[in-house]
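Accompanying notes for the structure given below.
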Amino acid sequence: MKLLPVVVSCVAAFALSGCQKEGCLGGEDGCRVPPPCPRVTFACSTSELAVKRIESPMERPGGWNGLGTVGDVKLTNGLVEVVIANIGTQNYLDPNGGSIIDLGPRGQQKDTINGILQVVGILPRDAAFYTSLEIIDESPVRVAVQVKGTLDGIPSVPIVTRYELTPCDPGVRVRTEIVNGSTDTQTWALVDGYYWSGRESLPFRPSDGFQYSSFGLTTINGAFHEFPWFAAAGHSGDDKISSFAAVSCTEKTMEGFHSESLSAAGLKRQIVKPRGSLIFERFLAVADAKGISGGADIAMEVRRQVHGERYVTLKGKVERMGGSSFNAEREASVLFIEPGAKPAQWSQVVPDASGSFSARVPAGKNYLVEVHAFGRKQVERQFDGVSGDQDLGTFSLPAIGTVTFTVNHGLTLMPLNAEIFLFPQSEADREAVVGTLHGRFTTCAPWLGSPAGASPACNRVLVNNGTATAEVPLGKYDVIAFHGPFWSIANQSVEFTGGPQTLNFTLVPIPGLKPSGALSSDLHVHGARSFDSSIPDFDRVLSMSASALDVVIGTDHEVIGDYSGMVAQLGLQNTMSVIVGLETTGHIPFLTVPGYGFPLVIGHYNFWPLKYDPSLPRNGAPIDERVEPGELFERVKPAFTGEPMIELNHPWADPEFGRDLGFPRAIFMDLRKNIPASDDGTRQSVFNRQPANASFKNDDHHVQEVMNGTDNGLFLQYRSFWHYTLNQGLLKAGTANSDSHSLTDNTVGVPQNVVFTTTSPATNFDIDAFNRSLKQGRSFGTNGPVIDARLIDGVTEHPFSMTTIRPSGQARLSIRVTAAPWVPVQEIRILVNGEVKKTIGGLPGITDPFDTLPQAARFVGEVPLDELTAGVTGDAWIVVEAGRELMLAGDLGGGLDGEQDGMVDTTDNNGDGVVDAADVKEGSKIGPLADPPKPARGEPGYEFGAITNGYSAAFTNPFILDLDGDGVFTAPGVKGGN
21 MKLLPVVVSC VAAFALSGCQ KEGCLGGEDG CRVPPPCPRV TFACSTSELA VKRIESPMER
81 PGGWNGLGTV GDVKLTNGLV EVVIANIGTQ NYLDPNGGSI IDLGPRGQQK DTINGILQVV
141 GILPRDAAFY TSLEIIDESP VRVAVQVKGT LDGIPSVPIV TRYELTPCDP GVRVRTEIVN
201 GSTDTQTWAL VDGYYWSGRE SLPFRPSDGF QYSSFGLTTI NGAFHEFPWF AAAGHSGDDK
261 ISSFAAVSCT EKTMEGFHSE SLSAAGLKRQ IVKPRGSLIF ERFLAVADAK GISGGADIAM
321 EVRRQVHGER YVTLKGKVER MGGSSFNAER EASVLFIEPG AKPAQWSQVV PDASGSFSAR
381 VPAGKNYLVE VHAFGRKQVE RQFDGVSGDQ DLGTFSLPAI GTVTFTVNHG LTLMPLNAEI
441 FLFPQSEADR EAVVGTLHGR FTTCAPWLGS PAGASPACNR VLVNNGTATA EVPLGKYDVI
501 AFHGPFWSIA NQSVEFTGGP QTLNFTLVPI PGLKPSGALS SDLHVHGARS FDSSIPDFDR
561 VLSMSASALD VVIGTDHEVI GDYSGMVAQL GLQNTMSVIV GLETTGHIPF LTVPGYGFPL
621 VIGHYNFWPL KYDPSLPRNG APIDERVEPG ELFERVKPAF TGEPMIELNH PWADPEFGRD
681 LGFPRAIFMD LRKNIPASDD GTRQSVFNRQ PANASFKNDD HHVQEVMNGT DNGLFLQYRS
741 FWHYTLNQGL LKAGTANSDS HSLTDNTVGV PQNVVFTTTS PATNFDIDAF NRSLKQGRSF
801 GTNGPVIDAR LIDGVTEHPF SMTTIRPSGQ ARLSIRVTAA PWVPVQEIRI LVNGEVKKTI
861 GGLPGITDPF DTLPQAARFV GEVPLDELTA GVTGDAWIVV EAGRELMLAG DLGGGLDGEQ
921 DGMVDTTDNN GDGVVDAADV KEGSKIGPLA DPPKPARGEP GYEFGAITNG YSAAFTNPFI
981 LDLDGDGVFT APGVKGGN
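If you count by our numbering, then the sequence shown holds residues 21 to 998, one letter each, in order.
Put into structure tokens, the structure is as follows:
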């Protein structure tokens with residue numbers, strides 16, 4: 021879809037044939053773009069200036085988003101460093117290199133930029149595809165990198181960009197030239213695209229500040245606005261963040277849009293006729309600061325030099341009752357707002373440790389200065405007619421509580437790593453402390469820090485080696501200590517009234533709950549290396565231990581990460597194994613399927629174990645764009661270091677910004693139809709066809725997610741797709757993973773896989789044995805309930821696995837379900853070929869959620885196999901589930917063009933026992949898929965619902981049954997063998 025102009029302007033300058041064109045607009049070989057921003061100058065005491073290719077991993081710039089490595093080009097002066105991706109190096113939305121992949125204060129490891137690339141629209145064809153790179157060393161005056169290429173989908177349209185540093189620049193100068201060499205009139209918005217991706221830097225635009233309207237691909241034109249500059253800053257809660265801003269060196273305003281995922285900023289949308297051209301010059305500023313003011317101050321200085329605008333510096337100080345120092349954005353953040361019918365935000369600053377702050381704002385305006393703390397506005401004061409620099413005085417914040425949490429093992433008395441959850445006791449208590457990060461990210465009560473960053477985050481605090489201290493807004497709370505689903509929890513209902521306070525907790529493993537010889541594992545976990553995560557390595561690894569995990573697969577997006585150093589730093593190398601892995605993530609749509617007119621991506625896959633090599637792009641992760649899954653598997657193959665494991669992730673997840681997250685949903689599979697044995701040209705056959713130049717088929721993954729996310733929001737759909745594939749004879753083990761990107765979105769280890777294997781975690785861990793156990797289906801997935809299911813046939817006991825069983829007529833299914841005292845289990849479901857054949861209810865409820873004693877089983881019993889397989893005419897598979905009652909769900913037409921596709925998309929939301937149009941949300945055609953109602957405070961199951969924000973569930977991997985006795989398992993197909 022092309023961007024359509026709101027106001028059509030005429031052809032750009034330099035469009036007339038025969039005119040002398042500056043720079044590279046004429047297309048001459050060897051041309052150079054003129055130095056950008058000649059009217060902008062900065063003074064400093066240093067003359068350092070360099071440009072060179074990175075030759076060693078030691079020269080990488082660092083930072084959580086640091087991508088630059090051997091072969092990329094780094095420009096540095098005494099203040100900043102910027103890395104340009106080498107040609108042929110694809111990163112995220114950049115199809116072939118030449119974009120900015122790192123930008124930060126020099127030597128500080130504070131890069132918060134995922135990527136900055138040039139585009140003229142929102143389609144893949146509208147991105148710059150650079151094919152050459154020239155290093156320009158004119159030191160000591162300037163150094164530069166010039167990249168040349170064409171638009172990705174229009175090779176007749178040349179584009180050239182020059183990135184430049186002079187000795188004192190607090191940022192990088194950029195000039196882009198593009199010529200419409202096609203025979204068609206084009207609608208272009210020549211902009212820089214900024215990939216924030218959510219949970220990372222937040223853009224700030226003068227006037228609306230951090231507030232931006234939501235939009236989709238079809239409504240994006242309405243999101244365009246003009247602005248003089250924009251800024252952004254990281255919010256990881258640690259010191260590895262910086263401040264950024266972009267400002268035009270020539271235009272009075274830029275135009276673009278902003279969201280938590282993407283920003284675009286550049287020239288106004290306009291019509292460009294054949295041979296017409298556009299030039300865009302800008303300054304991209306970076307500062308060693310935690311708020312946006314560091315970059316914004318530089319942007320305003322550029323506008324002072326270019327446009328003669330007047331600015332003033334406002335300074336002041338923040339103090340708090342009790343006199344403690346400040347060290348994070350959560351404790352104080354100052355906004356500068358021009359009051360009026362539509363208040364205009366002009367800057368935001370985070371005070372230093374002493375509470376002092378300063379920021380630049382336009383002169384001659386009235387300003388409302390707001391001080392926010394813990395996600396809420398605490399103090400405001402208005403200053404009228406600000407015409408010069410001014411000291412605003414001191415702003416006093418209300419007192420808070422300083423709480424120390426201790427957590428110990430109740431049997432050994434040793435300190436534990438744990439996670440603390442704080443919940444207001446009443447709605448009034450909640451309203452008094454609820455907050456956000458200036459209206460962005462998750463709403464939390466209390467808001468102790470950015471939900472995406474380090475501890476404390478949202479309403480959660482990590483406990484390291486038995487102790488943690490956090491500042492908490494005053495109020496009444498239920499405080500719960502947690503150490504994984506197989507341990508007790510502990511609670512204290514307290515009121516924080518100010519000053520220091522200590523809460524002591526004792527936790528114990530529930531005796532006999534976690535199966536002997538089994539490992540708790542989470543196969544899908546992200547840290548700050550992922551483009552959509554800001555949780556530092558320290559907090560990420562500590563959170564793994566806080567959930568008592570044995571094995572974790574690190575699966576950062578697009579970048580291979582190695583957490584072993586942090587595991588050792590925290591002293592966990594003898595108790596936990598963190599394996600090097602990767603989640604590939606389609607960014608550039610390319611795949612077409614019958615009946616759908618827009619290109620698609622293939623969704624997400626996990627791979628492990630992999631080689632970590634910091635000398636390679638993305639630490640060794642292969643380029644994963646514009647290939648079908650089978651070819652992707654081929655590309656990853658050389659990176660495996662042991663028994664290969666490929667996992668199909670969240671197969672039916674909702675798309676994000678036009679990109680599907682799961683391959684089956686992306687290609688519009690119809691679960692009412694069988695998968696063809698060969699490629700017959702249908703959408704259905706795309707799932708299992710074998711791409712050219714690949715030895716793998718598209719369905720050659722080994723396992724697939726059945727539970728993804730702590731809240732279990734899409735369990736009904738993921739389970740449905742898994743059941744469909746089992747009925748197709750694709751015997752892939754099901755997995756249960758948190759997919760955690762922070763402390764808040766999902767809790768690591770909830771859900772998890774309990775894997776029966778022959779190896780142990782830590783130094784002697786055998787990843788090959790572990791992976792083989794997973795492939796064989798020797799695991800169950802759970803967020804709390806524990807299922808012991810066996811098929812007993814005479815003296816033989818068969819565990820669930822992918823091994824085919826030939827049972828006798830006397831076989832019976834033995835089931836034992838247990839759970840921690842705080843985990844609700846209402847029913848057990850036995851499914852045969854995807855159909856619930858038996859439900860066992862009336863299970864014991866929760867009596868004391870904080871009990872620490874051995875627990876009686878919630879259910880022990882046997883069911884004759886012939887009772888379960890009655891009516892099945894062929895072979896069968898059986899899965900056992902346990903947990904909360906599931907919502908009734910149906911298919912109202914969530915497929916292509918609103919057709920039914922066999923996938924549940926709507927629950928019985930009005931409770932009348934039927935899924936129909938009356939259950940659909942007003943204005944929608946299907947949905948929602950609702951969760952079961954959560955218990956209120958004081959009701960059984962409240963603690964589980966509060967911790968997980970979801971409902972309890974567990975499932976076994978299947979028993980594969982050869983019922984007809986022919987020695988093989990014959991898949992029942994979509995009819996389920998009935």
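Don't be surprised by glycine CBs; every beta carbon is placed ideally from N, CA and C.
None of the values given here were measured: they were computed from a predicted structure.
Next on the checklist: Here's the rule: buried if 16 or more other CB atoms are within 10 angstroms of the residue's CB, otherwise exposed. What is G1053?
Outcome noted: It is not possible to answer for residue 1053, since the shown part of the chain is limited to 21 through 998.
Next on the checklist: Residues in the same chain with beta-carbon distance under 8 Å from D74, minus the five sequence neighbours each way, listed in chain order, please.
Outcome noted: Strictly speaking, residue 74 in this sequence is Ile, with Asp absent from that position. R80, G88, T89, V90, G91, D92, V93, K94, V103, listed in sequence order.
Item to check | H429 (DSSP reduced to helix, strand or coil) | outcome: strand
Checklist entry - On the three-pair Cβ rule with 8 Å, is the segment 731-741 touching the segment 694-706? => result no
Item to check | Three-state class that DSSP yields for L983 in the structure shown | outcome: coil
Checklist entry - Under 7 Å between the Cβ atoms of P147 and G169? => result The identity of residue 147 in the sequence shown is Ala, whereas the question assumes Pro. Not a contact, by the Cβ cut-off of 7 Å.
Checklist entry - Can you name the residues that DSSP bridges to M727? => result A756
Item to check | Rounded Cβ spacing between L412 and V389 (contact assumed at less than 8 Å) | outcome: 6 Å
Next on the checklist: Going by beta-carbon coordinates alone, are Y215 and G135 separated by less than 7 Å?
Outcome noted: yes
Next on the checklist: Considering only the alpha carbon of each residue, which of G650, G623, G701 lies closest to D674?
Outcome noted: G623
Checklist entry - To the nearest whole angstrom, what separates the beta carbons of E847 and T859, a pair I think is in contact under 8 Å? => result 6 Å
Checklist entry - What's the call for M341, buried or exposed, on a 16-neighbour Cβ count within 10 Å? => result exposed
Next on the checklist: Tell me which residues share the same chain as M320 and place their Cβ nearer than 6 Å to its Cβ, disregarding the 5 neighbours each side in the sequence.
Outcome noted: Y331, R380
Checklist entry - Can you list, in chain order, the residues of its chain whose CB lies under 8 Å from that of M252, leaving out five sequence neighbours each side? => result Residue identity differs from the one stated: residue 252 is Ala in this sequence, not Met. Cβ neighbours of A252 beyond the five flanking positions: T132, Y214, W216, S221, L222, P223, F224, S263, F264, A265, S283, I312, G315.
Item to check | Delimiting residues of the alpha helix (DSSP H) encompassing T684 | outcome: The amino acid occupying residue 684 in the given sequence is Pro; Thr does not appear at that position. That run of the alpha helix (DSSP H) goes 683-686.
Next on the checklist: Whole angstroms are fine: how far does the CA of S378 sit from the CA of P371?
Outcome noted: 8 Å
Checklist entry - Measuring CA to CA, which of H743, A105, H544 is closest to Q166? => result A105
Item to check | Inside the segment 514-546 only - alpha helix (DSSP H) runs reaching at least 4 residues | outcome: none
Item to check | Classification of N200 by the beta-carbon crowding that lies within 10 angstroms, buried from 16 upward | outcome: buried
Checklist entry - Just the Cα atoms here: how many angstroms apart are R826 and D928? => result 39 Å
Next on the checklist: Check whether the segment 748-757 and the segment 713-731 touch, using three or more Cβ-Cβ pairs below 8 Å as the test.
Outcome noted: yes
Checklist entry - Which residues in the same chain have their Cβ closer than 7 Å to the Cβ of A498, if we skip the five residues on either side of it in sequence? => result Position check: residue 498 holds Asp in this sequence, whereas Ala was assumed. Around D498: F443, Q445, N511, S513.
Next on the checklist: What does the alpha-carbon distance come out to for the pair A393 and T517?
Outcome noted: 17 Å
Item to check | Length of the line joining the Cα atoms of K337 and I573 | outcome: 45 Å
Checklist entry - Can you name, in chain order, every residue of its own chain whose Cβ lies under 6 Å from the Cβ of P634, other than the five neighbours on each side? => result P77
Item to check | Distance CB(P56)-CB(R195) smaller than 7 Å | outcome: yes
Checklist entry - Is the beta carbon of V935 less than 7 Å from the beta carbon of T926? => result yes
Checklist entry - Can you tell me whether M923 is buried or exposed, with buried defined as 16 or more other CB within 10 angstroms of its CB? => result buried
Item to check | Reference V856; option with closest CA among I898, K362, G236 | outcome: I898
Checklist entry - With distances taken from CA atoms, which of E648, D690, D680 is nearest F716? => result E648
Checklist entry - If S834 sits next to D813, beta carbons under 8 Å apart, how far is it from one beta carbon to the other, in whole angstroms? => result Their Cβ separation, rounded to whole angstroms, is 11 Å, which puts S834 and D813 out of contact at 8 Å.
Checklist entry - In terms of residues, what are the limits of the alpha helix (DSSP H) holding Y744? => result 735-747
Item to check | Contiguous alpha helix (DSSP H) assignments of at least 4 residues, all confined to the segment 410-461 | outcome: 447-453
Checklist entry - Identify the residues that DSSP records as bridge partners of C464: which are they? => result G455
Item to check | Close beta carbons around L45, own chain, < 6 Å, minus the five adjacent residues each side | outcome: F34, E197, V199, S297
Checklist entry - Are M596 and P781 close, meaning C-beta to C-beta below 7 Å? => result yes
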